[in-house]
Amino acid sequence: MDGLHESLRVTPPRCSRGIWSSEVVRKSGGSAPRDGEDVRPKDNTSKKDETIGAFQKLPMVMPAVDILASALRKAKKVSPTKGIVNIAKRERNRGAKQLDALMKELVVPLRGYMENFPKRWTLHPYERSLIELTFGEGIYEEALKKVDSLRKKITRVGKEHASLCAQSSLKREAEERLNEGMKRLEEVFQEDRNAIEDLLHITKALRAMPVVDPETPTLSLVGAPNVGKSSLVRILSSGKPEVCNYPFTTRGILMGHIMLNYERFQVTDTPGLLRRHDDDRNNLEKLTLAVLTHLPTAVLYVHDLTGECGMSPSDQLIIYKEIKERFKDHFWLDVVSKCDLLQNSRGTYADNDELERYKRFGPDEALHVSVKNQVGIDELKVRVQELLQLQMERIKSQKCNEENHLTASV
Ligand SMILES: Nc1nc2c(ncn2[C@@H]2O[C@H](COP(=O)(O)OP(=O)(O)O)[C@@H](O)[C@H]2O)c(=O)[nH]1
Ligand SMILES: [Mg+2]
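Position 274 (the sequence shown) corresponds to 274 in UniProt numbering; numbering is contiguous.
This is how it looks when you write it as structure tokens:
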């Protein structure tokens, strides 16, 4: 099995609905386009890549075996042009028409995929990230390229054989050339049918991806693993949160909703971040960074100072400072979790040493909460509501600016 096929054997996600999807965070600049890759036009001013939802609009890909069976069935039904009296002429006319029909029936769906699968540059950056996290870099484009090569090959072989058949001088010769042509087209299609199967796998995985709605204000819980993010999502959600699965992980992500004054907000956990360089991060961590990079989400950063989560406070402080600096434009709230396990964390102890202060109190202004004994939860809910209201106003004003911008440019 080659790399492409291995990359495509993904486990379909268990849940197909949710909120948001994801992307590999890449440094700007990117890599040079590969041979045959679609290159974004230089003067492109389209706003296409500002919207999310392309995965749900992907064309349905028919399994290769069905495309072939249907094409053969339709081609065999094609009859010669009426009025040809000469038997040899009629037979070569029938043969050429059937081969042409078979070629077209095989090629039409493939052309449809080429036209209707979005080019990478038209996708929202978050969706581009999801594609890379799910299949690996360049695999999506590669799969489309292979389908296009198959389309070209079928067209060439089909035309060759139809023309050969049309040149037959005897009835038997025309029949033989028809059979040969049919066989050859079938062979060519079968040889490269993996291209279609790969595209089918890609479509299934992308269609099943949790759906992101960037216009619904969202609160993302961020922090190291086991600090209590999911527990807080459960307590903040109005109903039971939904488990969303991404094809590149078996661990679900919790997605809940908060209803406030008839407005609907989203609250979700994110995969835990570890202390390491971006290049060493796994797909789960990359998903968290993609969310923060590309989605307009407010952040509830969770700190566990109890030692329970398995990561020392000093490591948590290092990651926290990095993430805070990187995503400082997000609305933000810091929470110290599991305070039922902390002693005197609310004390008046002051220390000039940043780490010592962090170990006792967390970041300045952090809210101390416990899911276990409900300490701080009411205040947390109020603060979360304020954050989401701010987030909603920001989304509305950005939308308004975009609309004004569009009106002005018409
Ligand atoms: N004592 C205590 N344990 C908690 C609290 N919140 C979460 N935990 C526990 O911490 C562990 C990790 O919690 P979880 O919400 O799964 O963390 P996540 O990995 O950040 O989502 C679980 O065993 C929880 O029961 C809390 O307020 N107090
Ligand atoms: Mg969790």
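Even for Gly, the Cβ is constructed at its ideal location relative to N, Cα and C.
According to the DSSP secondary-structure assignment, Y301 is paired through a beta bridge with V222 and D334.
Pairing S149 with M114, the inter-Cα distance amounts to about 11 Å.
What you get when you keep residues with a C-beta closer than 6 Å to any heavy atom of ligand 2 is K229, S230 and D269.
DSSP places G256 outside any alpha helix (DSSP H); the residue lies instead in the beta strand (DSSP E), whose first and last residues are I253 to L260.
Taken from the Cβ of E379, every heavy atom of ligand 1 lies 7 Å or farther away.
Looking from the CA of P210, the closest CA among A174, L287, M62 and E191 belongs to L287. Closer than 7 Å to some heavy atom of ligand 1: that does not describe the Cβ of G310. The Cβ atoms of A174 and A88 lie closer than 8 Å to each other.
Around S237, the same chain offers G256, H257, I258 and V267 as residues with beta carbons nearer than 7 Å, after the five sequence neighbours per side are excluded. In terms of side-chain proximity, the C-beta atom of K338 is found nearer than 7 Å to a non-hydrogen atom of ligand 1.
Closest by C-alpha distance to E105, out of H124, S70 and Y126, is S70.
V78 and Q98 have their C-alpha atoms roughly 6 Å apart. According to the DSSP secondary-structure assignment, E263 is paired through a beta bridge with L260. C-alpha of K359 to C-alpha of L305: approximately 6 Å in a straight line. Between G112 and V61, the alpha-carbon positions lie close to 10 Å from each other. Shortest Cα-Cα distance from D334 to any of R73, K229 and K57 involves K229. In this structure, the beta-carbon distance from A298 to F331 falls below 8 Å. The alpha-carbon of N401 is positioned some 28 Å away from that of L130.
Here the alpha carbon of K338 sits roughly 14 Å from the alpha carbon of P225. With respect to the 8 Å criterion, I154 and V108 are not classified as neighbours on the basis of their beta carbons. For C309, the three-state secondary structure derived from DSSP is coil. Ranked by Cα distance from E365, the options Q374, L380, N373 and D353 are led by L380. Note on geometry: alpha-carbon atoms of R383 and G138 lie some 42 Å from one another.
Ranking H303, D280, L273 and D279 by CA distance to the CA of L292 puts L273 first. Distances from the alpha-carbon of E322 to those of L341, N116 and Y301 put Y301 closest. Short note on S370: C-beta closer than 7 Å to some heavy atom of ligand 1.
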